[in-house]
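Participant:
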Amino acid sequence: MKAGVLQGMLRDLPMAPLSAIVSGTALILAPHADDESLGCGGLIAACCAAGHPPIVVILTDGVGSHPHSHAWPAPRLRAQRQHEAQHAVSCLGLVPERLIFLNLPDTRVPHEEVMFDQVVRELARLSKSHGCAVVLAPWRADPHCDHEAAWKMAVALRQSCGLRVLAYPVWGWLIPAETEVDHERPTGMRLDIAPFRAAKARAVGMYESQYGNLITDDPTGFSLPKELLEALITDFEVFVDP
Numbered sequence: 026m027k028a029g030v031l032q033g034m035l036r037d038l039p040m041a042p043l044s045a046i047v048s049g050t051a052l053i054l055a056p057h058a059d060d061e062s063l064g065c066g067g068l069i070a071a072c073c074a075a076g077h078p079p080i081v082v083i084l085t086d087g088v089g090s091h092p093h094s095h096a097w098p099a100p101r102l103r104a105q106r107q108h109e110a111q112h113a114v115s116c117l118g119l120v121p122e123r124l125i126f127l128n129l130p131d132t133r134v135p136h137e138e139v140m141f142d143q144v145v146r147e148l149a150r151l152s153k154s155h156g157c158a159v160v161l162a163p164w165r166a167d168p169h170c171d172h173e174a175a176w177k178m179a180v181a182l183r184q185s186c187g188l189r190v191l192a193y194p195v196w197g198w199l200i201p202a203e204t205e206v207d208h209e210r211p212t213g214m215r216l217d218i219a220p221f222r223a224a225k226a227r228a229v230g231m232y233e234s235q236y237g238n239l240i241t242d243d244p245t246g247f248s249l250p251k252e253l254l255e256a257l258i259t260d261f262e263v264f265v266d267p
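Note that this note's numbering has the sequence shown beginning at 26, numbered continuously upward.
1. Using DSSP with H/G/I as helix, E/B as strand and the rest coil, what is Glu137?
2. Mapping the DSSP letters down to three states, classify Met178 as helix, strand or coil.
3. On a Cα-Cα basis, can you pick out the residue from Leu191, Ser115, Glu137 and Glu252 that is closest to Val159?
4. What's the C-alpha gap between Ala181 and Val145?
5. Quick one: Cα of Glu61 to Cα of Ser185, how far?
6. DSSP on Ile53, reduced to helix/strand/coil?
7. I'd like to check one pair, Ala70 with Met214: are the Cβ atoms closer than 8 Å?
8. Is the separation between the beta-carbon of Arg150 and that of Ile80 shorter than 8 Å?
9. Using C-beta distances below 8 Å, list every residue in its chain close to Ser94, excluding the 5 sequence neighbours before and after it, in chain order.
10. For the putative contact between Ala75 and Leu43, defined by C-beta atoms under 8 Å, what is the C-beta separation to the nearest angstrom?
11. Could you give the distance in angstroms between the alpha-carbon of Val265 and the alpha-carbon of Pro92?
12. Relative to the C-alpha of Ala99, which candidate in Val88, Arg106 and His208 has its C-alpha closest?
13. Considering Asp60, what are the terminal residues of the alpha helix (DSSP H) in which it resides?
14. Suppose contacts are defined by Cβ-Cβ distances below 8 Å. Is Trp196 in contact with Leu257 by that definition?
15. If I follow the unbroken alpha helix (DSSP H) through Ala219, where does it start and stop?
16. CA-CA distance, Cys116 and Ala224?
17. Can you round the beta-carbon distance between Ala228 and Gly64 to whole angstroms, since I take them to be within the 8 Å contact cut?
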């Protein structure tokens, strides 16, 4: 299927109430600090407003965004990314105690074997201790290794804990339209986040290290593309069934 056709199908998924997407407490897996706000910031805000705030787990330390910066070595950048995430989720109504950092190496989240199993066991412990019924992870078609690993962890949690799995697209929105994507016709739903769009935009704006203005001594450093922000800061969010 062409990526452009698939993206159009995602945008045409039916609207559903929050209760049809999340019942009870959700476990949200974010490969990097900012994915939670970009992909499901509106859902996080809606859950908090409804009185059942999610558990948000940031998998990586985020230091891969500016690997050649001398002013921002890994420990300083790691602290900055965590600081930004705490401010971001507060914009969405989430208290700091429900934000968890695993500090796995950026761009090297495990996909299998011993470390993968250890992370899944920790996520299973968190889901059980907080009574989670659903896990949200990046869409399996997102073209990023850490996003793919997070999706695999969600599938493993479904197998080990019986959690329902839903996926939220992030980088999948930017796949060139003519690219062939190995994906069947998507099923799922959209959530109307118009009441929370401004809060989501504020949350994403907290990630100043990712906009290219804060860290200026690494010409290879990452900067959030305008096209990604335009695709994700809208009046709805997409949640795909596996």
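Glycine is no exception: its CB is placed at the ideal position from the N, C-alpha and C atoms.
Here the structure is a predicted model, which is why all the values come from computation and not from measurement.
Facilitator: So, from the listed chains and residues:
1. coil
2. helix
3. Leu191
4. 7 Å
5. Those two C-alpha atoms are separated by around 23 Å.
6. In the displayed model, Ile53 falls within a strand according to three-state DSSP.
7. Contact flag unset, no.
8. no
9. Leu102, Ile240, Asp242, Asp243 and Gly246
10. 6 Å
11. Val265 and Pro92 have their C-alpha atoms spaced approximately 33 Å apart.
12. Val88
13. Asp60 to Ala75
14. No; because the gap between Cβ atoms is not below 8 Å, this pair is not in contact.
15. Premise fails: Ala219 is in no alpha helix (DSSP H) and is neither H nor E.
16. For Cys116 and Ala224, the distance between alpha carbons rounds to 6 Å.
17. Contact flag wrong, Cβ pair sits at about 11 Å.
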